[in-house]
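Chains as they are written, first to last, in the working numbering: chain A, 1 to 375; chain B, 1 to 375; chain C, 1 to 300; chain D, 1 to 300. Worksheet: the structure to be examined is printed underneath.
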Amino acid sequence: MKIHEYQARILFEQKKIPVPRGKLCTTSSEVRTAAQELEKPVVIKSQILVAGRGKAGGIRLARTPSEAEEIAKKLIGSVIKGIKVNSVLVVESVEPKQELYLGFTIDRGARKFVLIASSQGGMDLEELALTQPDKIFRREIEPLIGLHDFEARLAADSIGLGGRTATDFSSICKKIFAIFCEVEADLAESNPLAVTYDGSLVALDSRITLDDNALFRHPEYRNESEDMSPLEREASQRGLAFVQLDGDIGIIGNGAGLVMATLDVVSHYGGRPANFLDMGGGSSSDVVFNAVSLALKQTNLKALFVNVLGGITRCDDVARGLVQALKGSQTKVPVIVRMVGNNEEEGRKILADAGVATLDSMEDAAKLAVQKAYT
Amino acid sequence: MKIHEYQARILFEQKKIPVPRGKLCTTSSEVRTAAQELEKPVVIKSQILVAGRGKAGGIRLARTPSEAEEIAKKLIGSVIKGIKVNSVLVVESVEPKQELYLGFTIDRGARKFVLIASSQGGMDLEELALTQPDKIFRREIEPLIGLHDFEARLAADSIGLGGRTATDFSSICKKIFAIFCEVEADLAESNPLAVTYDGSLVALDSRITLDDNALFRHPEYRNESEDMSPLEREASQRGLAFVQLDGDIGIIGNGAGLVMATLDVVSHYGGRPANFLDMGGGSSSDVVFNAVSLALKQTNLKALFVNVLGGITRCDDVARGLVQALKGSQTKVPVIVRMVGNNEEEGRKILADAGVATLDSMEDAAKLAVQKAYT
Amino acid sequence: MTILVGNDTKVLVQGATGREGRLHTAAMLRYGTKILAGVTPGRGGEIIENTVPVFNTVKQAVEKFPQLNSSIIFVPAPFASDAVYESIDSGLKLIVVITEHVPIHDSIRFTNYAYSKGVTIIGPNCPGIISPGLSKIGIMPGHIFSKGQVGMVSRSGTLTYEIAWILTRAGYGQSTAVGIGGDPIIGKDLLEIVEMFAEDGGTNSIVVIGEIGGDAEERLAGKIKHGNFKKPVVAFIAGRKAPPGKRMGHAGAIISMGTGTAASKIEAFKSAGVPVAELPSQIPELLQREFEEKKKENGP
Amino acid sequence: MTILVGNDTKVLVQGATGREGRLHTAAMLRYGTKILAGVTPGRGGEIIENTVPVFNTVKQAVEKFPQLNSSIIFVPAPFASDAVYESIDSGLKLIVVITEHVPIHDSIRFTNYAYSKGVTIIGPNCPGIISPGLSKIGIMPGHIFSKGQVGMVSRSGTLTYEIAWILTRAGYGQSTAVGIGGDPIIGKDLLEIVEMFAEDGGTNSIVVIGEIGGDAEERLAGKIKHGNFKKPVVAFIAGRKAPPGKRMGHAGAIISMGTGTAASKIEAFKSAGVPVAELPSQIPELLQREFEEKKKENGP
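Here you go:
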């Protein structure tokens with residue numbers, strides 16, 4: 001789960017990592033005051049959890065307090081990439097002599113933390129990896145041991161820093177790693193980390209992604225993610241894994257891999273999936289009811305394909321939940337059900353009684369769903 | 001370095017380890033007020049850093065506030081085992097159903113932390129180990145990994161606790177380990193850790209010994225140790241390792257092992273060492289001056305034996321410092337010097353010029369020191 | 001022969017008295033798994049399913065049943081990590097972590113610790129291991145699998161059952177099926193399990209079920225390309241149509257920073273000579289074709 | 001032959017530009033130690049003693065001089081631990097930590113880490129290692145030692161020099177002398193060094209210099225008692241007259257909780273058949289006696 005730049009900035013400040021002076025504002029008059037107090041040109045940064053907010057116009061420079069107020073009036077309340085801007089961070093504009101990259105993330109294959117540093121900051125890590133791979137210093141950090149001081153020094157040295165800048169870089173490196181561990185992040189980075197003309201360092205941007213599974217230990221960050229459509233939010237509240245797609249055939253299944261495969265098979269036969277909806281491995285009739293009801297809220301559906309492999313899940317439970325949801329929604333969308341496994345006979349009977357036919361094979365069912373949707 | 005019970009108690013309280021209600025007091029009227037507020041019989045505990053303060057009368061029970069005040073009048077300002085009582089901890093008296101032991105220390109041989117727990121608390125660990133070895137649960141904790149929850153549960157289970165008491169014990173166990181690591185202790189224990197009649201746990205005493213070498217990371221505990229004679233304190237301030245003994249031949253050397261061996265050799269020939277004084281491996285003339293001056297402050301000296309093996313240390317430096325100190329003190333105590341090694345000739349000459357003879361062999365010199373002291 | 005789980009497998013159930021623990025203890029016992037003991041702190045002395053004694057600590061269970069060698073963990077995510085350490089500490093050499101939602105900073109630590117102690121971790125967030133007809137340490141429906149010589153390894157759960165069912169109906173029984181789990185950090189990964197199958201005398205071919213996210217498939221393909229694998233390998237990759245930046249159910253199934261796409265994995269397999277099925281139903285025929293290919297390559 | 005340090009020893013000095021680092025770099029060079037490089041962060045590019053290049057990181061030093069295999073650490077206590085990890089990380093296999101006052105929570109961690117990586121740590125707070133006539137990684141005065149076949153291991157510094165001097169004058173040269181340090185937590189302990197001497201073809205007898213505190217002497221004695229040591233061993237224990245509860249200079253030299261007394265150590269050695277000298281000067285004659293004893297025991 002991403003947290004806002006201003007939240008990551010608070011963590012940076014608590015560790016005394018230098019950041020530009022600034023303030024979080026929710027009204028344009030606050031922005032004006034903040035700009036006045038800073039007595040410098042300011043950068044106004046929309047606090048939204050989407051990638052590429054800069055290119056989308058969410059980050060703006062203002063030379064005067066009144067310019068800042070004008071910009072804030074336009075930004076606050078506007079919608080950028082589908083997300084409403086509720087607050088902006090107003091910070092002094094800092095002219096960097098050089099922009100560095102410094103971050104920690106997780107290397108899945110190696111099962112290690114990894115420290116990444118580069119003398120070419122500013123662009124995102126992905127772009128950096130593509131365009132300047134030889135400018136990236138990468139070092140695996142032992143999860144059971146943690147970051148050693150010498151590793152931080154090695155990073156500074158490897159990206160060509162010396163003197164006080166190297167010492168400061170090592171210090172910031174250790175602090176970001178401490179944050180990374182304390183909040184149990186997937187990613188914690190400063191990018192760009194600016195070298196100013198006097199050789200000091202300032203973290204111009206701070207980005208942290210938390211591990212959703214660890215939020216129970218960090219309740220202060222719960223319910224933060226706004227980078228979701230209303231349906232995705234509802235699904236998340238109901239404990240369903242739901243991703244909205246741009247097609248028109250709704251897809252429900254039990255198990256992430258099976259649902260992904262169902263999407264693939266439907267696409268293979270020319271269908272356009274409207275969503276990914278995983279009910280989970282051991283689905284009860286309540287869960288099925290919630291899932292089907294949610295899927296049917298998608299207004300553009302041309303068909304709904306429910307694909308259940310009842311290993312632990314009982315097919316009769318699935319059937320009951322499905323019938324109840326269909327009754328509740330009174331939908332006209334054709335519903336195609338593929339259902340095999342535990343208590344299959346009983347499940348099929350319940351569905352047949354409600355006028356829903358079932359198929360044996362995922363592929364046959366996918367073909368049928370495409371046919372019903374587009375003809 | 002030992003810290004006071006009340007200081008350890010603060011650490012316990014910060015981690016929400018249950019301790020008896022109570023207050024640190026420095027006057028008898030404060031003690032009376034504290035006892036009144038507690039509305040119970042109280043225990044008055046002298047805050048001095050000596051072992052066996054209980055047996056020496058430093059811990060007293062008072063049934064009423066006025067009795068508490070009377071006791072405090074006697075305790076505060078009194079001297080117990082050579083240490084002045086400046087403050088007392090006044091706590092509610094808790095009647096334990098059972099007294100447990102729980103502590104963490106370091107196993108030198110295994111190079112591990114070690115968790116120790118016992119169903120037979122109250123007596124100290126040494127006595128416990130001698131009298132009830134089978135009642136001790138002992139588990140090595142990996143220093144690189146730390147204490148696992150299951151290890152704390154294992155301790156509780158192994159000393160016969162169950163139900164809520166076991167859960168609470170595990171929780172206190174984890175908290176004491178956290179303190180042990182945070183302050184970098186050699187020892188952190190609660191003894192006795194009382195089980196009350198309602199099955200809850202209260203840490204009736206808390207004892208922590210810090211690692212002197214780690215104090216630079218814990219400046220709040222610096223200059224705490226009062227378990228020293230004035231000369232020991234002066235030595236400590238001058239960076240000398242000094243231990244007062246009960247004999248009359250002063251011993252100075254360079255290197256802890258050599259000084260210990262010198263003590264042993266002097267004793268072997270019938271001498272009674274007055275002190276242990278290690279100037280360290282690479283002694284300059286300043287250090288020698290300080291050491292000799294300090295040793296000569298011992299009023300009961302019958303001889304002073306300076307034993308220097310000049311490996312890195314230069315004998316001429318030693319000689320200069322020694323001559324200067326002897327001049328300064330104008331002592332009449334016979335001074336015997338054994339000196340070999342670097343710049344030996346020059347050193348001997350300096351001493352000879354000042355009327356001090358030197359010997360080659362530690363054993364010959366020890367014999368001479370004993371002879372000069374007692375004849 | 002099989003890998004990881006077989007006749008000698010003696011299982012401890014951690015979190016045995018919870019709902020999931022009880023349900024699957026019963027299911028495993030029915031399947032024939034030798035479950036000797038359960039552990040739930042504070043519940044020592046109970047008996048579940050009439051036969052399985054419950055202990056407070058793994059130490060007690062192992063003292064009572066020294067032949068225990070494997071553990072399956074159902075304890076809730078906040079405590080799963082501790083349960084793993086407890087089993088490692090008591091000398092169990094195979095630990096299957098069923099628990100979902102284990103924090104990644106926990107799993108990255110306990111997987112490293114397990115490796116340093118020579119302990120095999122499967123999972124977390126996985127269906128477990130089944131050697132059909134012999135034993136299972138997992139939550140998969142046993143009746144879908146059948147005894148045979150195909151080694152299966154998969155990052156998913158129900159998709160594994162789907163493909164096992166297809167294989168079973170096509171007459172391809174399985175030696176062992178291993179569900180390694182859908183989290184970003186897991187114990188044994190695709191490559192390590194495939195290497196075990198490569199060495200296993202009871203396995204004549206391998207079906208790999210991958211999905212988007214990470215580079216486990218690419219690493220496996222690289223090893224196959226430059227290694228000396230004699231057995232037919234067929235792959236399936238779920239998530240061809242998944243959009244980048246979205247987690248597709250599994251925490252690990254996410255295309256991020258341009259890596260982990262199905263296209264990249266399919267390309268890697270193809271370049272290593274491993275056919276990738278476009279539909280699950282194609283897997284048996286691809287296996288058949290590979291058997292014939294390998295027969296030609298390896299000689300009579 | 002020698003242990004730990006010999007002709008192939010190629011040394012890195014960490015903390016090379018400090019006062020102690022410089023002083024002992026010069027002394028070691030004079031003694032013949034092959035010092036190839038030094039490290040001090042931020043001082044890369046300097047040259048000390050006209051021959052030793054200084055680098056910012058151990059990695060750079062090792063890249064430049066891949067034949068480096070040992071390190072000696074003079075960096076101040078707050079940074080000593082990090083210096084140890086840095087050397088381990090760069091593959092150096094012998095690390096001598098001269099630094100005094102290293103926090104015990106640091107040394108307990110880095111000694112465990114070194115063990116897990118197969119790295120030998122000597123110290124902290126130790127004089128180091130000398131193989132007379134060949135090389136030294138340490139701060140001991142070289143001229144006191146002489147080449148021969150007595151293996152020396154000691155928890156102290158100057159007392160080692162005292163006894164080496166006695167041995168030298170009595171005609172007993174030394175194969176290697178190892179000062180393992182006086183801290184409660186150290187790398188190799190008495191027993192481990194004695195075991196190395198037992199295996200060393202260039203060592204025909206062993207002098208153990210112990211002191212009060214801990215149970216390293218008792219453990220060594222126990223091993224000798226129940227083991228099969230063919231070489232004469234003679235011991236000296238400092239601190240017979242030390243009072244309990246007082247730290248005698250060394251952090252590790254303290255009788256606490258009734259353990260670590262000289263009496264206990266002397267008793268343990270005697271019960272293992274190891275003679276303990278009451279005075280340092282007795283060591284040569286005890287050695288001589290042991291040679292004769294062992295000759296009888298081991299046969300001609």
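Yeah, the Cβ is synthetic: ideal placement off N, Cα and C, and Gly gets one too.
- C/R30 is positioned such that its CB atom lies no closer than 8 Å to that of C/I48.
- Among the residues facing chain A, D/T57 is included, as its CB has a counterpart in that chain under 8 Å away.
- If you draw a straight line from the Cα of A/I159 to the Cα of D/N69, it comes to about 27 Å.
- Assignment of B/M362 by DSSP, reduced to helix, strand and coil, places it in the helix class.
- Distance check between B/C315 and each of B/K327, B/R207 and B/V337 places B/V337 closest, using alpha-carbon atoms only.
- The beta carbons of D/S156 and B/A256 sit about 6 Å from each other, so the pair counts as a contact at 8 Å.
- Check the Cα spacing between A/S229 and each of C/G222, C/K246, C/P232 and C/L220: the tightest is with C/K246.
- Residue-level contact check: C/L279 touches chain A, since one or more beta carbons of chain A fall below 8 Å from its beta carbon.
- In terms of beta-carbon proximity, D/S156 lines the interface with chain B, with at least one pair separated by less than 8 Å.
- If you look at A/C25, you'll find it isn't in any alpha helix (DSSP H); it sits in the beta strand (DSSP E) that goes G22 to C25.
- Beta-bridge analysis with DSSP links C/I237 to C/G210.
- Assigned with DSSP and collapsed to three states, D/A277 falls in strand.
- DSSP places D/G38 in the uninterrupted beta strand (DSSP E) bounded by K34 to V39.
- Rounded to whole angstroms, the separation of the alpha carbons of A/K15 and C/A26 is 51 Å.
- If you keep only unbroken beta strand (DSSP E) runs of at least 3 residues inside the region 116-176 of chain C, you get 120-122, 128-131, 135-138 and 147-154.
- Every unbroken stretch of the beta strand (DSSP E) spanning 3 or more residues and falling wholly within the region 284-343 of chain A is given here in chain order: 303-310 and 335-341.
- For A/A188, the pairing in a beta bridge is given by DSSP as A/F104 and A/I208.
- Following the DSSP letters along the chain, one finds B/V266 inside the alpha helix (DSSP H) bounded by residues A256 to H268.
- Scanning B/N275, B/R272, B/D264 and B/A274 for the CA closest to the CA of D/E278 turns up B/D264.
- From the listed residues B/V335, B/Y221, B/N191 and B/S170, the smallest Cα separation to B/G250 is found for B/V335.
- DSSP lists no beta-bridge partner residue for A/D198.
- By the Cβ test, the region 314-330 of chain B is in contact with the region 341-349 of chain B, since at least three Cβ pairs between them sit closer than 8 Å.
- Under the 10 Å beta carbon count, C/F291 is surrounded by fewer than 16 other beta carbons and is classified as exposed.
- Contacts between A/V265 and chain C, judged by CB atoms closer than 7 Å, involve L279 in chain order.
- If the five residues before and after C/E217 are omitted, its C-beta is found closer than 6 Å to the C-beta atoms of G210 and K265, all from its own chain and listed in chain order.
- The shortest C-alpha to C-alpha distance from D/S175 to any of D/L159, D/D189, D/G181 and D/A198 is the one to D/A198.
- In this structure A/A214 is in contact with C/H105, their Cβ atoms being roughly 6 Å apart against a cut-off of 8 Å.
- A Cβ-Cβ distance of about 4 Å is found for the pair A/Y101 and A/S118, placing them in contact under the 8 Å criterion.
- Sequence-distant partners of A/E13 (beyond 5 residues in either direction) whose C-beta falls short of 8 Å from its own C-beta, in its chain, are V19.
- Look at the region 90-113 of chain C: the residues with a C-beta under 9 Å from a C-beta of chain A are E100, H101, V102, P103, I104, H105, D106, S107, I108, R109, T111, N112 and Y113.
- If you check the CB distance, B/S46 and B/V94 do not come in under 8 Å.
- In this chain, the alpha helix (DSSP H) harbouring B/D157 covers D149 to S158.
- Secondary structure of B/G253 (DSSP, three-state): strand.
- Selection D/K147, D/D215, D/G45 and D/S90 evaluated against D/I254 yields D/D215 as nearest (Cα-Cα).
- Looking at the backbone, the Cα of A/A110 and that of A/R217 are separated by about 25 Å.
- In the DSSP assignment, B/A241 is bridged to B/D278.
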